[in-house]
Amino acid sequence: MLQASGLLRPEAAQPGPPFPDADLMHVLDLLPADERARLEEIRAVLQRDVRPLTPAFWNREEFPFDLLPRLAELGLGRLQTDGSSRLFTGLAYSEVARADVSLSALVGIHNELVVGMISELGSEEQRERWLPGLESFTSLGAFALTEPEHGSDIAGGLATSATRDGDGWVLRGAKRWIGAGTIADFALVWARDTADGAIKAFIVETDRPGFAATKIENKIGLRIMQNADIVLDEVRIPDSNLLPGATAFCQANDLLRDSRAWVGWQAAGIQLAAFEIARAYALERFQFGKPLAAFQLVQQQLSEILGNAQASLSLMVGIARIQEAGQLEMVQSAMAKATTTRLARSSVALGRSVLGGNGITTDYEMAKLFGDAEVLYTYEGTYEINSLIVARAVTGKSAFV
Ligand SMILES: Cc1cc2nc3c(=O)[nH]c(=O)nc-3n(C[C@H](O)[C@H](O)[C@H](O)COP(=O)(O)OP(=O)(O)OC[C@H]3O[C@@H](n4cnc5c(N)ncnc54)[C@H](O)[C@@H]3O)c2cc1C
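Mapping of the sequence shown onto the UniProt record's numbering: position 24 corresponds to residue 24, and the numbering continues sequentially without gaps.
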């Protein structure tokens with residue numbers, strides 16, 4: 001019988017041979033021995049200590065602060081700076097998503113858009129001040145690009161302004177959907193310089209007068225991640241808070257190219273979780289005197305989820321290969337992001353169906369994945385916008401700007 005709590009434990013979700021971890025493509029074999037051992041440890045700890053705790057936090061829309069030291073011990077705060085290969089980093093993102101998608105959003109944004117941005121575009125002083133705390137998750141940052149009136153058209157429409165004033169800057173405007181906005185120590189705010197019209201980025205400490213962050217409530221996915229509406233009401237910052245390398249929107253685009261690839265890894269991870277939960281349920285739940293797993297239609301659904309997951313994972317292995325070679329361009333990461341999140345949405349819908357009525361309550365985890373997949377489909381550029389980026393690259397015709 002299913003557990004009384006209704007929550008399938010990781011061990012229940014891995015019923016044994018011949019493919020206990022669903023790695024049909026032997027992706028782990030591509031890692032050198034040290035990275036493989038590290039990844040296996042990350043997976044084991046996340047499945048044992050983290051995943052079982054997350055549904056309750058998800059239901060309550062609360063952030064599990066006590067888990068941050070655990071994530072730091074696994075080295076998940078310094079994936080950008082510790083010399084890990086792109087394949088290892090991607091698979092680590094995937095493992096976090098397999099345990100909990102909100103935490104994988106925190107880990108991904110943290111590494112790709114906060115640590116990555118400060119280490120690549122920040123000054124020496126900014127790196128010294130912020131990176132040690134970030135790497136150990138004792139500091140948190142937020143990436144503040146989207147605005148209430150500008151989402152898909154943010155590149156041309158960005159309205160938050162930065163005005164030079166004496167030896168500092170004054171920021172005015174608003175940001176929306178900003179991950180960790182209510183709990184971060186600072187936000188990396190993209191704003192338009194009123195003098196030259198260029199888009200620049202600034203470190204804005206969240207305790208500065210004029211900075212206000214309000215939690216966005218009642219989300220249907222990523223409920224553990226604390227997304228915020230941010231108001232910048234004449235926030236004054238010193239000139240040393242300007243990131244010297246962030247002088248145009250193309251630098252934001254470089255970051256988004258990499259972070260879109262990260263979402264592809266999330267999409268692979270969520271599908272592995274969906275497969276494991278659906279398989280375990282289908283093996284344990286009996287109808288008509290047989291386990292669901294013995295019915296042909298259910299087998300087809302499990303097979304499709306697994307095929308989607310493996311197609312996503314294999315695509316992401318290819319992305320890691322070209323990323324490692326310094327050849328990743330926006331067209332490839334947009335294609336990977338759009339394709340894997342489309343498959344993820346389909347996989348969690350199939351998984352939800354396999355669980356019947358129990359797929360409707362988060363007590364059985366699948367409904368949590370079902371909501372989380374919607375966010376993967378939409379953030380870091382919607383499915384439609386990423387599809388249009390790919391089509392623009394292969395036709396030479398822009399259909400959206
Ligand atoms: C949970 C969550 C977390 C997020 N975290 C962050 C964060 O940490 N930092 C940050 O800066 N942002 C964040 N975002 C913002 C996210 O990147 C945007 O929501 C996304 O880019 C879409 O913008 P929008 O919501 O304004 O939708 P809109 O741009 O208003 O789009 C609405 C719909 O219209 C479609 N559409 C728009 N223009 C076109 C077009 N030209 N052709 C065809 N279709 C079009 C879109 O595809 C979409 O279906 C987050 C969003 C969510 C939901």
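Where a beta carbon is used, it is the ideal one built from N, C-alpha and C, also for glycine. Predicted model, so just to flag it, every value in this text is computed and none were measured.
At a cut-off of 6 Å, the beta-carbon of Glu-149 does not count as near ligand 1: no heavy atom of the ligand is closer than that. A residue is called buried when at least 16 other Cβ atoms come within 10 angstroms of its Cβ; Pro-69 does not meet this threshold and is exposed. A straight line joining the alpha-carbon of Thr-163 with that of Ile-305 spans about 51 Å. The residue from Phe-249, Ala-184, Leu-103 and Leu-28 with its alpha-carbon nearest to that of Pro-52 is Leu-103.
Bounds of the alpha helix (DSSP H) holding Ser-314 are 296 to 324. Where Ile-385 is concerned, there is no enclosing beta strand (DSSP E), although the alpha helix (DSSP H) around it starts and stops at 383 to 395. If you check the C-beta of Gly-108 against ligand 1, you find no heavy atom less than 6 Å away. When DSSP states are grouped into helix, strand and coil, Glu-234 belongs to the strand group. Secondary structure note for Val-107: its alpha helix (DSSP H) is the uninterrupted segment 101 to 108. DSSP places Ile-203 in the strand class (E or B) of the three-state scheme. In the DSSP assignment, Leu-24 falls outside any alpha helix (DSSP H), carrying neither H nor E. Distance from the CA atom of Met-335 to the CA atom of Ile-385, rounded to whole angstroms, is 10 Å.
In the three-state reduction of the DSSP assignment, Arg-208 falls in the coil class, being assigned neither a helical nor a strand state. Counting the other Cβ atoms within 10 Å of the Cβ of Thr-138 gives fewer than 16, which makes it exposed. Under the DSSP assignment, Asp-372 falls in the alpha helix (DSSP H) whose first and last residues are 366 to 378. In this structure Asp-82 is exposed. Its beta-carbon is surrounded by fewer than 16 other beta-carbon atoms within 10 angstroms. Asn-253 is classed as exposed because its beta carbon has fewer than 16 other beta carbons within 10 Å across all chains shown. In this structure, Leu-113 is the residue among Leu-113, Ala-105 and Thr-54 with its C-alpha nearest to the C-alpha of Asp-258.
The three-state reading of DSSP puts Ala-97 in helix, counting H, G and I together.
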